[in-house]
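Asker: Heads up, the sequence shown is in full-length UniProt numbering, so the first residue is 1 and it goes up one at a time.
Here a beta-carbon is modelled for each residue, glycine too, at the ideal position from N, C-alpha and C.
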Amino acid sequence: MGLLSGMMGHASEVSIEKITKEFQPILIDDERIERAYRLIRDMLVFTNKRLILVNRQGLTGSKTDYQSIPYSSIKMFSKESAGIADLDAELKIWLTGETQPTIRQDFRKGDNINEAYRVLSRYVLK
């Protein structure tokens, strides 16, 4: 079962300007946010250095877990959709040593899964 697969709903793109202040304390020098997607309270944040999974815990979301995944740990990724256009689609990410996708995330129509795919391609395929 994927890390985020237990949640209902689809990811929607988040404005980088809106989340920069929250992430500034954990970003390293010369690290910048490329894309970010929110699912209810949780987030997928793609930087130029890593993928950050944000898991807000508890009823109020007052406890937050930030999981950093270096792009070098990503073994494989895929995008599944009805076509090349970014209609309802699913992004799957396998980490080194895993036989099943560790991360599975649905994207809804209008949120550009192709941009997330390009960010992964840029940094994983170096």
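For D86, name the three-state secondary structure that DSSP assigns.
Answerer: The count along the sequence shown starts at 1 and reaches residue 86 at position 86. For D86, the predicted model reports a pLDDT of 47, less than 50, meaning its position is unreliable; a value from the coordinates is still stated below. Of the three classes helix, strand and coil, the one that applies to D86 here is coil, per DSSP.
Asker: Which complete alpha helix (DSSP H) runs does the UniProt domain "Bacterial Pleckstrin homology" (2-124) hold, if anything under 4 residues is left out?
Answerer: 16-23 and 113-124, all fully within the UniProt domain "Bacterial Pleckstrin homology" (2-124).
Asker: Straight-line CA distance for L51 to K75?
Answerer: For this step, residue 51 is matched to residue 51 along the sequence shown. For this step, residue 75 is matched to residue 75 along the sequence shown. If I take the Cα positions, the gap works out to 13 Å.
Asker: Taking buried to mean at least 16 other C-beta atoms within 10 Å of its own C-beta, is P101 buried or exposed?
Answerer: Here the question's residue 101 lines up with position 101 in the sequence shown. Buried is the call here.
Asker: Please work out which residues of its chain come closer than 6 Å, Cβ to Cβ, to E22, disregarding the five sequence neighbours upstream and downstream, and give them in chain order.
Answerer: Stepping through the sequence shown from its first residue, residue 22 is reached at position 22. No residues qualify anywhere along the chain.
Asker: Between T99 and the rest of its own chain, which residues show a CB-CB distance below 8 Å, the 5 nearest in sequence each way excluded?
Answerer: As a working mapping, residue 99 is identified with position 99 in the sequence shown. Excluding residues within five positions, none has a Cβ falling inside 8 Å.
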